[in-house]
Each structure stands twice: as structure tokens, then as C-alpha cells.
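Note sheet for the following structure.
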Amino acid sequence: MEFSSTIRVSDLNDYIAPSQDCVVALNGKLRTSEMSEEVQLQPRAGIRAAGGRQTPAGIAEAPTGDPVKVTLHDCLACSGCITSAETVLLQQQSGEEFLARLGDPRVMVVISVSAQSRTALASYFGLSPSQALARLAGWFKWLGVRAVWDLTTARDLVLLEEAAEFLDRYRSSQEAGGSGRPAGQAPPALLPVMGSACPGWVCYAEKTQGSRVLPYLSSTRSPQGAMGGLVKSLVAAAWGATPGSVYHVTVMPCYDKKLEASRDELTTTTTTTAVTGAGSGGHEEERIPEVR
Numbered sequence: 001m002e003f004s005s006t007i008r009v010s011d012l013n014d015y016i017a018p019s020q021d022c023v024v025a026l027n028g029k030l031r032t033s034e035m036s037e038e039v040q041l042q043p044r045a046g047i048r049a050a051g052g053r054q055t056p057a058g059i060a061e062a063p064t065g066d067p068v069k070v071t072l073h074d075c076l077a078c079s080g081c082i083t084s085a086e087t088v089l090l091q092q093q094s095g096e097e098f099l100a101r102l103g104d105p106r107v108m109v110v111i112s113v114s115a116q117s118r119t120a121l122a123s124y125f126g127l128s129p130s131q132a133l134a135r136l137a138g139w140f141k142w143l144g145v146r147a148v149w150d151l152t153t154a155r156d157l158v159l160l161e162e163a164a165e166f167l168d169r170y171r172s173s174q175e176a177g178g179s180g181r182p183a184g185q186a187p188p189a190l191l192p193v194m195g196s197a198c199p200g201w202v203c204y205a206e207k208t209q210g211s212r213v214l215p216y217l218s219s220t221r222s223p224q225g226a227m228g229g230l231v232k233s234l235v236a237a238a239w240g241a242t243p244g245s246v247y248h249v250t251v252m253p254c255y256d257k258k259l260e261a262s263r264d265e266l267t268t269t270t271t272t273t274a275v276t277g278a279g280s281g282g283h284e285e286e287r288i289p290e291v292r
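Heads up, the sequence shown stops at 292 in full-length UniProt numbering, and the numbers go up one at a time, no gaps.
Structure below.
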């Protein structure tokens, strides 16, 4: 997902901050103020005294009603902050969604655990990393998960692919005369190669830097994205299942991984769900069950 190079976030003092209201048409309905072209002026009802204090009459109260639900994909591309209201809830990438998929007999749920989350859990509970992974695997399988993998394998594959990509770009630049910006070469030949595994950094580059930085980003997927591709292709084929029937969940140390999992570029038939776990500042489970 690339943002326009002419419209991006600016650090200038005259930058007009985006509206704090949600810009997404929720449930297919626009807000009343968007449907009407008339200018609404708040009436000057005067000032009334209340307990010795002067308060303006007619202050708008917070809206009440059912909670508003939006998707993380909408959140990623939003120009304003849709989380400023307390009633806004995330509809996808949640624990409830994970449990719902576990209860669906047509879906095979698999989980990949990152090295950071595994190590943080091991430190928190006084276990070795291998013991923490074993107990996590036992607990997840007890819940009904089909398989649990260590994301380190995908990380190693990503490192090899990134090294190969760097060599390709370096050789292309050498053949063009040693310049990091060879004439007539496509953007993938540019040097240096910048990592693209961090979704927060990628989102920052897209929204603030544009064409100044994006051509230098590595085209290699992150370990989470690479593991999702392996699960939906090789694993699904080995099980004789369709990619859409395999639901891939990752336990990651960063909330931005949820946004990465919702990107269209990293999806196949269904999306990968990132469940933020250890390392994010909180623990929902106070005890890791023994493997049985």
C-alpha cells in the first residue's frame, strides 16, 4: 500500500491535523453531517450559572448507543484517529475471533510463535525458551490448534532471501558503473537496501517519505509474512486442504504486526492474524499449563 508522494504527513508548523472523527462510512451509513450540505451553527444559548460557575448551555454530549466496529484494514489507511472515541472497537484480530475460528469444524487453526515472545514468556515464568515453547504448544493443542511452529525457521529463510536481494542489487549497480543509482535501472537496483520487516517503519516511510525511501526498501517479506505464505501453500497442500481452510495465527511482540497481517499485499485467500503476546507490556495468562 503506497501513499501519494504529494500528500503525506508534514512536520511543518502550519500542518492542519486530521479530524479526530472516524472517516469510514460505518455499516454503510454516512454521518448526518456528511449527508447534509447545510452549515450547522451551534446556537448561542447564553450562559447559565450552575453552582457559582459559568457554563455554556447547549454543549454537545457524547453519542450513546451500540459500540462502533471497524476493521484494522480501515484503521491502517485512516487519515484521522478512529481510536479517540472509547466506543470504537476492533472487529478483527482479536482473541474472540481466534476462539471463534477454533470452534469452526471447517477451519484448521495453526500458530507460529516468534522468538521474542517465546523468550519473554520464558523469562517471565522462569523457564528456558524451549520449555516455554513446549508448554505453549501443549496449551494451544489442548484448545484445538492443529499445529504450533517456531517462527525462527521463517526468519532464517527471510535472512537468506534478503542477502540474495542485496547481492543482486549490488551486482546490478556494479555493472552500471558502481553507482548506487544506475541510469536506466529499475528501483529494485537501488542501494542501500533498507529492511522492511518492521510494519511501523514501513507505514512511516509510506506516509511521510514516499518515493524518497520506498524504492530502497527490501522486497522480501517479514518472517510473519513469509510464514503465512508457507502455511497457506506448502502446509495446506501437505494436509490436502485449501488455503482458505487454514487459519494462521502468529504470536508477536508488537501491536503493529496486527496491521501488517491486515495488508492486502500479504494476504492469500484469508488473512493472517497476529495475536500480540509477551513483550508488549502485559500478560493475560498468569500460568503456562504443563504439556500432557
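Cβ coordinates follow ideal geometry from the N, Cα and C atoms, glycine included. Just so we're clear, the structure is a prediction, and the values are computed from it rather than from any experiment.
Open item on the list: Using CA atoms only, rank isn't needed, just tell me which of Met227, Ser172, Arg171, Glu165 is closest to residue 293.
Closed with: Lying outside 1 to 292, the shown extent of the chain, residue 293 is not represented and no answer is given.
Open item on the list: Let me check one thing: in DSSP terms, what residues is Asp150 bridge-paired to?
Closed with: As computed with DSSP, Asp150 is found in a beta bridge with Val113.
Task: Separation of Ala241 from Leu151, as counted between CA atoms - done: In a straight line, the C-alpha of Leu151 is about 22 Å away from that of Ala241.
- [ ] Would you please verify whether the beta carbon of Leu136 is less than 7 Å from any beta carbon of chain B?
- [x] The structure shown contains no chain B; it holds only a single protein chain.
Open item on the list: Report the start-end ranges of each beta strand (DSSP E) in the stretch 204–259 that is 3 residues or longer and not cut off at the edges.
Closed with: Fully enclosed beta strand (DSSP E) runs of 3 or longer: 246–252.
Open item on the list: Comparing C-alpha positions only, which one of Leu191, Phe140, Leu159 sits nearest to Gln174?
Closed with: Taking only the C-alpha atoms, the option nearest Gln174 is Leu191.
Open item on the list: Only counting the same chain, and skipping five residues up and downstream in sequence, which positions put a Cβ closer than 7 Å to that of Leu12?
Closed with: Legend: pLDDT at Leu12 = 42, less than 50; position of this residue unreliable, value from coordinates given subsequently. Excluding five sequence positions before and after Leu12, none of the CB atoms of its chain fall closer than 7 Å to its own CB.
Task: Neighbour-count burial assignment, Arg118, 16 or more Cβ in a 10 Å radius - done: That one is buried.
Task: Whole-number beta carbon distance between Glu260 and Pro199, since they are thought to touch under 8 Å - done: Rounded to whole angstroms, the Cβ separation of Pro199 and Glu260 is 4 Å, and the two are in contact under 8 Å.
- [ ] Would you tell me roughly how many angstroms separate the C-alpha atoms of Arg146 and Ala120, rounded to the nearest one?
- [x] Whole-angstrom Cα-Cα distance: 24 Å.
TODO: Have a look at Pro223 and Ala176 and give me their C-alpha separation to the nearest angstrom.
DONE: About 32 Å.
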